[in-house]
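Protein chains in written order, with this note's numbering: chain A, 1 to 383; chain B, 1001 to 1216. For each residue, glycine too, the CB sits at the ideal point set by N, CA and C. A quick note: this is a predicted structure, and the numbers were derived from the prediction, not measured.
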Amino acid sequence: MANKYYTPDGFTDQFPGICGFKRELESKLRNLFLLNGYEEIETPGVEYFDVYKEFVKEEELYKFTDSTGRLLCNRYDGTIPAVRFCAGRNESYPVRYSYIENMYRSGKSGGGKLSGFTQGGIELLGAKGARSDAEVLAIAIKSALEMGITDLQVSVGQVEFYKGLMKQLGIDEEIQGKIKNAIANRDSVTIEKLEISSEDKETLLMLTESGGTYEIIDQIRPRVTDKGAIEALDNLKEILDIMARYDFLKYVSIDLSLVESVEYYTGMVFKGYTYEVGFPIISGGRYDDVAKVFGKEIQAVGFSISLTLAITALMRQDKYAPAKGASVIVGGDFEAATAAAEALRAEGTPAILDTTGMTEDELNSYAEDKGIETVMFMNGGNE
Amino acid sequence: MLTIALPKGRLADQTLDIMERAGYDVSAARDKSRKLILEDKEAGLRFILSKPSDVPTYVEYGAADIGVVGKDTLLEEGRQLYEVLDLGLGKCRMCVAGPAELKDKLDEIPNKRVGTKYPNITRNYFEGVRGESVEIIKLNGSVELAPLTGLAEVIVDIVESGRTLYENGLDVLETVAHISARLVVNRVSMKMKEDEIKPMIAKLRQALQQGEENEV
């Protein structure tokens, strides 16, 4: 077997120090979610392909079959399994779920973009309106801060604004596709070449250059007549008002060019960024239509944060310290050593018990090699 | 500090000319040594010189904040980047080309074989625009050879003057896209280094407009 020692492309092992650091981040995140009333759920990591086929490109799912030939796939994200779970139960809404799980995405990898990575996230199901949107956004910001990512910028957009604006401008679907890509890529070149009125062009260019908070909303509002688009701007304003109460406005800016996933999202959308990683570490938004695929009407909003990218960022920002192993090793007389190790563990000190019968010198050099601070060598019961 | 990925060669020099006109000190990048990373701490700029088709990769992953790259590479690679400026450099066309006698007769060949360095652009064009399946033969250079040797009926390639085509009895059959060099920006850098990047885009845009006026 030629691949004996290697992990498949796009997948990595977590080394002890990093794994421990990651677990510390996970428990911070878990505490934060529970503190806000988001109960943790665990989905199996294997789903029917049918669960995902409406949402994810076929080639991005890891697929296999069960013993009867039914097509299965690995968990691609936290949201779809949570909605599937929720849709299959009769609950009184709203419900608040959280998860910290590994995700599996096939396709392009390399350069730090992994096929297997860990995400934590929450889903607020059966709740509409800006207050629910803002709750999720606020917890997203808290989750990054909690992990030590303080250089944080979160772009908040509204896909209903874009949809309303397209209706208002009366642009046909073929050109809409072009415009969507151009806005998402901030590609002013394509927009300037469009055959639409110069005023409409200006409005579209405002989307690609949006930033700041209230200013951009006030600036673009007079140009908007579509009811849906106006409501979308009002929604963003209310979200900003609530962010101000958390003192989170410094992390937030409005970005109306967040339109990549207009088919999936149905309201507020956001992405969170930090230094030293080229991809957003946070992604979230409102997705009222997802549950329809499962035959239910559930208004919902959620977000996820990538622990894998967060760790990369923290390492590059010099905010990483590998988790420590045991600080004491006890050896020598086995009976006495066992008692001593148990006594240390009882007071909460991680202690290793030598089970191989090392001499004092061997124990000392082993401890040095493994970075264990204290060596205890027991002389037997006649001290 | 902004990291700028430039494609090695003429395009890099032309880009530096525009940056100079926009008021940036780019003398560090003019260094003709074999260094791959050229840094000017005072100007707050670091240049990396890479193979043109690798520029979008450096920028997408955030190893560079900004890059200069041909639209052909962007179309082929389909990366997640902000594409903010048309630098107007390296203008050419992406074309379907083939024997001159095929002009206006492209529809008459069933099951075409297409030789190209750009399999994604070719697939998108034939499937998306022309609505037909084709057999794509990926080649790495001298694509004109394919129709001459019978390896393929037609090719999809970049055409500048068209001289290579004409001298070999080939001609442009259809235009797929107009190509020129674009300024691309990493999506995270655009947010996190907004204070440096936005003014740079504005200055470059102004320098380009002045350049155009001077030409007129």
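Our two residues, Glu1077/B and Val1184/B, have alpha carbons roughly 13 Å apart in a direct line. Between Lys1112/B and Leu1173/B, the C-beta gap is not smaller than 8 Å, which leaves the two residues out of contact. According to the DSSP assignment, Arg316/A belongs to the alpha helix (DSSP H) that extends over 307-316.
Contact between Ile183/A and Leu169/A fails: their C-beta atoms lie close to 12 Å from each other, not under 8 Å. Here Val1159/B is bridged, per DSSP, to Arg1093/B. Put simply, the CB of Gln153/A is near chain B, with a gap under 8 Å to one of its CB atoms. Of the candidates Leu71/A, Glu101/A, Gly126/A, Asn90/A, Gly126/A places its Cα closest to the Cα of Ala300/A. Look at Asp369/A here: in three-state DSSP terms it is helix.
Contact between the segment 1010-1025 of chain B and the segment 349-356 of chain A is absent: fewer than 3 CB-CB pairs across the two stretches fall below 8 Å. By DSSP's assignment, Arg105/A forms no beta bridge with any residue. When DSSP states are grouped into helix, strand and coil, Ser155/A belongs to the strand group. No residue range can be given for Gly78/A, since it is assigned to no beta strand (DSSP E) and is classified by DSSP as neither H nor E. Contact between Leu1087/B and Leu1006/B does not hold, since the beta-carbon distance rounds to 11 Å and is not under 8 Å. DSSP, reduced to helix, strand and coil, places Phe248/A outside both helices and strands of the structure shown, so it counts as coil. In the DSSP assignment, Tyr97/A forms a beta bridge with Glu39/A, Glu123/A. From the listed residues Ile1179/B, Glu1194/B, Arg1187/B, Ser1189/B, the smallest Cα separation to Val189/A is found for Ile1179/B. DSSP places Lys1041/B outside both helix and strand once states are collapsed to three, so it counts as coil.
Pro44/A sits in coil when the DSSP states are folded into three classes, being neither helix nor strand. Under the 8 Å criterion on CB atoms, Val1084/B is classed as interfacial with respect to chain A.
For the segment 1168-1193 of chain B, the residues whose beta carbon sits under 8 Å from a beta carbon of chain A are, in order, Arg1182, Val1185, Asn1186, Arg1187, Val1188, Ser1189, Met1190, Lys1191, Met1192. By the neighbour-count criterion, in which 16 or more other beta carbons inside 10 Å mark a residue as buried, Pro1056/B falls on the buried side. When the five nearest sequence neighbours on each side are left out, the beta carbons in the same chain lying within less than 7 Å of the beta carbon of Leu124/A are those of Pro94, Arg96, Ser132, Glu135, Val136, Ala300, Val301, Gly302, in order along the chain.
In the three-state reduction of the DSSP assignment, Val1055/B falls in the helix class.
At least 8 Å separates the CB of Glu1076/B from every CB of chain A. Taking C-alpha positions only, Val1026/B is separated from Glu1042/B by approximately 11 Å. The Cβ-Cβ distance between Gln153/A and Leu256/A does not fall below 8 Å. Taken atom to atom, the span from the alpha-carbon of Lys1091/B to that of Arg1182/B is near 11 Å. Pro350/A sits in coil when the DSSP states are folded into three classes, being neither helix nor strand.
Contact of Ser188/A with chain B is assigned, a C-beta pair being separated by under 8 Å.
For chain A, the residues of the segment 1063-1075 of chain B that bring a beta carbon within less than 8 Å of one of its beta carbons are Ala1063, in chain order.
If only uninterrupted beta strand (DSSP E) runs of at least 3 residues are considered, those enclosed by the segment 1001-1044 of chain B are 1002-1007, 1037-1040. Residues of the segment 276-295 of chain A with a C-beta atom less than 8 Å from some C-beta of chain B are Glu276, Val277, Gly278, Phe279, Pro280, listed in chain order.
Per the DSSP secondary-structure output, Met268/A pairs in a beta bridge with Gln158/A.
For Asp1171/B, the enclosing beta strand (DSSP E) has its first and last residue at 1170-1179. Contact of Gly211/A with chain B by beta-carbon distance below 9 Å involves Lys1191, Glu1194, Lys1198. For Met147/A, there is no enclosing beta strand (DSSP E); the residue is part of the alpha helix (DSSP H) that begins and ends at 130-147.
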